[in-house]
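First to last, the sequence lines map onto chains R and X.
FYI, my numbering numbers position 27 of the first sequence as 27, with every residue one higher than the one before it.
For my numbering, count along the second sequence from 1 and bump the result up by 1000.
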Amino acid sequence: DAKTTQPPSMDCAEGRAANLPCNHSTISGNEYVYWYRQIHSQGPQYIIHGLKNNETNEMASLIITEDRKSSTLILPHATLRDTAVYYCIVRVRADKLIFGTGTRLQVFP
Amino acid sequence: DAGVTQSPTHLIKTRGQQVTLRCSPISGHKSVSWYQQVLGQGPQFIFQYYEKEERGRGNFPDRFSARQFPNYSSELNVNALLLGDSALYLCASSLEGARRANSPLHFGNGTRLTVT
């Protein structure tokens, strides 16, 4: 079973920051938090991952709380093309990812 | 750079038939994984191969099998197809595979299999 809890859906206005929360209260010390997104009819797209420290790349920022029990993915300036299902994953084993049901983000004009 | 490529993109088969799906990883990636995504659900892990050896297996029946070739490409085979095998089959590649959880998986766009 997935070790994460995400809201089923969220809305965001175009140009605003989208903040997607994720709870992972049972995470262990050596388990990474990964974020993927899936646009309709495409494969999941890797966004970002982290262990303890906050991470930033060209797509997004990942904020992990100090106790590591929750995290937030931030898309700084959402566009219509960011409409997708966003998956937060705690990588328990190196050989696989366990996907939950994700958050359906709808960006509106 | 080319991403993960899968073929065919779409496939229609009849119950009881066999199917082979193909995957080419990103250049330099030695690990290939297979996932099944049923409509409305997240992807589910089927297999992982690293350096041509199976390194992980999900909760799927023996009708599902896979292999990895010396060039790191991979095939997924499904025998005796059932209606419930209708799904999007995703292939993902990564540099390190089962050795490191710090190596992201990169997915292809999948093969849409319909069993009638």
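We put the beta carbon where it would ideally sit given N, CA and C, even for glycine.
Going by the DSSP bridge assignment, what does residue i pair with across the sheet?
i: R/D11; result: R/Q106
i: X/H1092; result: In the sequence on display, residue 1092 of chain X carries Ala and not His. According to DSSP, which records beta bridges pairwise, X/A1092 is partnered with X/S1033 and X/F1107.
i: X/V1019; result: X/V1078
i: R/I74; result: R/N19 and R/S61
i: R/R68; result: In DSSP, R/R68 forms no bridge with anything.
i: X/Q1041; result: Answer is none; X/Q1041 lacks a bridge partner.
Which word fits residue i, buried or exposed, when buried means at least 16 other C-beta atoms lie within 10 angstroms of its C-beta?
i: X/L1083; result: exposed
i: R/P8; result: exposed
i: R/A17; result: exposed
i: X/H1010; result: exposed
i: X/P1104; result: buried
i: X/P1025; result: buried
Let me check understanding here. Comparing Cα to Cα, which of the options lies closest to residue i?
i: R/I63; options: R/Q42, R/W35 and R/V92; result: R/W35
i: X/Q1036; options: R/G43, R/V33 and R/R37; result: R/G43
i: R/Q45; options: X/L1095, X/T1116 and X/G1003; result: X/G1003
i: X/G1108; options: R/N54, R/Q38, R/C22 and R/I98; result: R/Q38
i: R/A94; options: X/I1012, X/Y1050 and X/S1027; result: X/Y1050
i: R/T101; options: X/G1042, X/P1061, X/S1065 and X/R1063; result: X/G1042
i: X/I1012; options: X/D1085, X/E1053 and X/Q1006; result: X/D1085
i: X/Q1018; options: X/E1075, X/H1106, X/L1090 and X/S1103; result: X/E1075
i: R/E113; options: R/T26, R/H40, R/S28 and R/N53; result: Since the first and last residues shown for chain R are 1 and 109, residue 113 of chain R lies out of range.
i: X/C1023; options: X/C1091, X/F1064 and X/F1060; result: X/C1091
Within its chain, find whatever has a CB closer than 7 angstroms to the CB of residue i; leave out the 5 residues flanking it on each side and keep chain order.
i: R/E31; result: V90, R91 and V92
i: R/T79; result: E14 and V107
In its own chain, which residues sit with a C-beta less than 6 angstroms from the C-beta of residue i, not counting the 5 before and 5 after it?
i: R/Q106; result: D11 and T83
i: R/P21; result: T72
i: R/T5; result: N23
i: X/T1020; result: E1075 and N1077
i: X/L1088; result: Q1037, G1110 and R1112
Can you name, in chain order, every residue of its own chain whose Cβ lies under 8 angstroms from the Cβ of residue i, other than the five neighbours on each side?
i: X/G1056; result: S1033, F1045, F1047, Q1048 and A1098
i: X/R1015; result: L1081, L1082, L1083, V1115 and T1116
i: R/H49; result: Y32, V33, Y34, W35, E55, L62 and R91
Taking 9 angstroms as the CB-CB limit, is residue i close to chain A?
i: X/S1065; result: Of the protein chains in the structure, R and X, none is chain A.
Would you say residue i touches the ligand COA, meaning its beta carbon is less than 8 angstroms from a heavy atom?
i: R/L62; result: This structure simply doesn't include the ligand COA, nor any ligand for that matter.
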